[in-house]
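Visitor: Residue numbers (the numbering used here), protein chains in the order written: chain A, 1042 to 1222; chain B, 86 to 264.
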Amino acid sequence: MRAWENTCVWGGNKMRINKKGQEEIVGFVLVIVLVAVIFLIFVGIFVRQDSNSTRQESIEVYQFLDSFMQHTSECAIGFEPAYSNVGELIQQCYSNSECTTGKSACSILNDTLEEILDLSWNVGEDRPIKGYIFEAKFDSNLSSNNIIEVKRGECGQSVRGSEYLIPAFPGTIVSSFNLCF
Amino acid sequence: MNWGGEMHSLYADYSKKGQVKIQQMAFVLVAIMIFFGLVSLFYFSIRIANLEQSAVSLKEEDAKELVRKLSSSPEFIFSANDCSNCIDLDKVLILGERRAYENFWKLDYLEIEKVVSKTDKQCNRGNYPDCKFIKVVNETNDYGSVVSAFVSLCYWESNKGGYVKCELGRIHVSGEGIK
Chain A
1042 MRAWENTCVW
1052 GGNKMRINKK
1062 GQEEIVGFVL
1072 VIVLVAVIFL
1082 IFVGIFVRQD
1092 SNSTRQESIE
1102 VYQFLDSFMQ
1112 HTSECAIGFE
1122 PAYSNVGELI
1132 QQCYSNSECT
1142 TGKSACSILN
1152 DTLEEILDLS
1162 WNVGEDRPIK
1172 GYIFEAKFDS
1182 NLSSNNIIEV
1192 KRGECGQSVR
1202 GSEYLIPAFP
1212 GTIVSSFNLC
1222 F
Chain B
86 MNWGGEMHSL
96 YADYSKKGQV
106 KIQQMAFVLV
116 AIMIFFGLVS
126 LFYFSIRIAN
136 LEQSAVSLKE
146 EDAKELVRKL
156 SSSPEFIFSA
166 NDCSNCIDLD
176 KVLILGERRA
186 YENFWKLDYL
196 EIEKVVSKTD
206 KQCNRGNYPD
216 CKFIKVVNET
226 NDYGSVVSAF
236 VSLCYWESNK
246 GGYVKCELGR
256 IHVSGEGIK
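#1: Going by beta carbon distance, what residues of the same chain come within less than 6 Å of glutamate 261 (chain B), once the five residues before and after it are set aside?
#2: By a C-beta neighbour count over all protein chains shown, 10 Å radius and 16 as the cutoff for buried, is phenylalanine 1210 (chain A) buried or exposed?
#3: Do threonine 204 (chain B) and lysine 191 (chain B) count as a contact pair if the criterion is CB distance below 9 Å?
#4: Determine whether the Cβ of glutamine 207 (chain B) lies closer than 9 Å to any Cβ atom of chain A.
#5: Using DSSP's beta-bridge definition, name the partner residues of lysine 250 (chain B).
#6: With 16 as the cutoff for other CB atoms within 10 Å, does aspartate 215 (chain B) come out buried or exposed?
#7: Using three-state DSSP, classify asparagine 212 (chain B) as helix, strand or coil.
#8: Does the count of Cβ pairs from the segment 1201 to 1220 of chain A and the segment 1098 to 1113 of chain A closer than 8 Å reach three?
#9: In this structure, what does DSSP give as the bridge partners for proline 1208 (chain A)?
#10: Using alpha carbons as the reference points, say which of B:Asp147, B:Glu137, B:Ser230 and B:Val177 lies closest to serine 156 (chain B).
#11: Whether or not the segment 1114 to 1127 of chain A and the segment 1167 to 1179 of chain A are in contact is what I'm after, with contact meaning three or more pairs of Cβ atoms, one per stretch, closer than 8 Å; do they touch?
#12: Find out if the Cβ-Cβ distance for the pair glycine 1197 (chain A), phenylalanine 1222 (chain A) is shorter than 9 Å.
#13: Once the 5 residues before and after valine 1078 (chain A) are set aside, which same chain residues still bring their CB inside 7 Å of it?
#14: Does asparagine 1219 (chain A) come within less than 9 Å of chain B when only Cβ atoms are used?
#15: Strictly below 8 Å CB to CB, what residues from chain B border leucine 1160 (chain A)?
#16: Quick check: what's the CA-CA separation for isoleucine 1149 (chain A) versus valine 222 (chain B)?
#17: Which residues in chain B sit within 7 Å of glutamate 1156 (chain A), going by Cβ to Cβ distance?
#18: So, isoleucine 197 (chain B) versus isoleucine 256 (chain B), is the Cβ gap smaller than 9 Å?
#19: Check whether the Cβ atoms of asparagine 252 (chain B) and lysine 206 (chain B) lie closer than 9 Å to each other.
#20: Under the assumption that tyrosine 194 (chain B) contacts serine 259 (chain B) (Cβ atoms under 8 Å), give the Cβ distance between them as a whole number of angstroms.
#21: According to DSSP, is serine 233 (chain B) part of a helix, a strand, or is it coil?
#22: With DSSP as the reference, please indicate the residues paired to isoleucine 197 (chain B) in a beta bridge.
#23: Pairing CB atoms from the segment 231 to 249 of chain B with CB atoms from the segment 141 to 158 of chain B, are three or more of them under 8 Å?
#24: If you measure from the beta carbon of serine 237 (chain B) to each beta carbon in chain A, is any gap under 9 Å?
#25: Round the Cβ separation of phenylalanine 1175 (chain A) and asparagine 1186 (chain A) to the nearest angstrom and send it over; I've been treating them as touching at under 8 Å.
#26: Identify, in the order they occur along the chain, each residue of the same chain with its Cβ nearer than 6 Å to the Cβ of glutamine 1063 (chain A), setting aside the five sequence neighbours on each side.
#27: Would a check of beta-carbon distances place serine 1203 (chain A) closer than 9 Å to chain B?
#28: Can the beta-carbon of cysteine 168 (chain B) be found closer than 9 Å to that of glutamine 1132 (chain A)?
#29: Would you mind reading off the limits of the beta strand (DSSP E) that contains tyrosine 1124 (chain A)?
#30: Identify which residue in B:Ala148, B:Arg183, B:Glu160 and B:Glu182 has its Cα closest to the Cα of aspartate 173 (chain B).
#31: Less than 9 Å between the C-beta atoms of valine 1164 (chain A) and glycine 1143 (chain A), yes or no?
#32: Could you tell me which whole alpha helix (DSSP H) segments of length 4 or greater appear in the segment 1136 to 1168 of chain A?
#33: Quick check on the burial criterion: 16 or more other C-beta atoms within 10 angstroms. Buried or exposed for threonine 1153 (chain A)?
#34: Report the three-state DSSP secondary structure of asparagine 166 (chain B) (helix, strand or coil).
#35: Could you name the residues of chain A that glycine 103 (chain B) contacts, counting a contact when the two beta carbons are closer than 9 Å?
#36: CA-CA distance, tryptophan 241 (chain B) and arginine 183 (chain B)?
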């Protein structure tokens, strides 16, 4: 009789110890899950901050756009020597104007852009600047139309650039230039 | 007697298990603290590195702004049109010839360069405006790092009846005040 009682008590203790072990494993798993969730939140915040800073405003690029828009092109509209600067030429291109030489404003604009961008920025795989994108578009409340786009090289995650606005009633011509690193 | 002795042994065993559990919890808490410490250390080291990088780039951009401000000084500005970043290239050519202006800006080096040019020659009265650059100040050969900024270079072009022509250029400056 005593022997049977002892076995029961010992059996009960075994069961209790097993149950405690399971509880500990559950607790440990919960701690691991909690730590993993907190770690993921940290990583999420960090990655979001990084992705926000992938396109940075650049004063250098703004200075470039500001000066470039004053550059006198080889396109005169109407008569010579009324040569348009690049800012005016973008507007002329949007309205499909023709220069006195017979060439279209867009063709001259494209040539000018390619020449100046190539000479101003050294782009290449083995250089700090991997590529660039120049875009000019007409933005109004009703629509947004691309005027011209010049691309070179490869664009990754890190981009530095700026925008230059030219009023063109009833909208605005937005020229943006982005350097890819 | 025998039964009582077993009970005492179990009581002691449970008390020891409790201590082990408290120890385990303490270890887990310490491990969590170390983990968060390492994570925050990693996070702040990256943040500080980024901060240093942005401080350097801000300093560079400040220097570029300062350099560009030179273009709006009366000695350089092109006043025929409303353009704050336009440099009068005719004025710069004359300034380059005058030694009296060498210490005017307290700079070691000041050069104006055309981005688009068919030649690489320095400008003088003979080849102007078909030239590449004008050195206004060249105090020393060891002028250190040069800060550059984009500007517009405007001048009177006498061909085809005469008109104002502006070209994209750069201003390169080096000196104690520009760093």
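For glycine and all other residues, C-beta sits at the position ideal for the given N, C-alpha and C.
Quick caveat: nothing in here was measured; it's all calculated off a predicted structure.
Guide: Per the coordinate set shown:
#1: Around glutamate 261 (chain B): no qualifying Cβ.
#2: Counting every other CB atom within 10 Å of its CB across the protein chains shown gives phenylalanine 1210 (chain A) a total below 16, marking it as exposed.
#3: no
#4: Output row for glutamine 207 (chain B): interface = no.
#5: Answer is B:Tyr240, bridged to lysine 250 (chain B).
#6: exposed
#7: coil
#8: yes
#9: A:Thr1213
#10: Per the Cα distances, B:Val177.
#11: no
#12: yes
#13: none
#14: no
#15: Val200 and Val201
#16: 36 Å
#17: Val201
#18: Yes, Cβ-Cβ distance for isoleucine 197 (chain B) and isoleucine 256 (chain B) is below 9 Å.
#19: The amino acid occupying residue 252 (chain B) in the given sequence is glutamate; asparagine does not appear at that position. Going by beta carbons, glutamate 252 (chain B) and lysine 206 (chain B) fall outside the 9 Å limit.
#20: 4 Å
#21: Of the three classes helix, strand and coil, the one that applies to serine 233 (chain B) here is strand, per DSSP.
#22: B:Ile219 and B:Ile256
#23: yes
#24: yes
#25: Contact check for phenylalanine 1175 (chain A) and asparagine 1186 (chain A): beta-carbon distance about 16 Å, past the 8 Å limit, so the pair fails to qualify.
#26: Within its own chain, no residue has a Cβ closer than 6 Å to the Cβ of glutamine 1063 (chain A) once the five positions on either side in sequence are excluded.
#27: no
#28: no
#29: 1124 to 1126
#30: Out of B:Ala148, B:Arg183, B:Glu160 and B:Glu182, B:Glu160 has the C-alpha closest to the C-alpha of aspartate 173 (chain B).
#31: no
#32: 1146 to 1161
#33: Per the 10 Å Cβ criterion, buried.
#34: coil
#35: Residues of chain A passing the Cβ test: none, with the nearest at roughly 11 Å.
#36: Spanning the two alpha carbons is a distance of roughly 21 Å.
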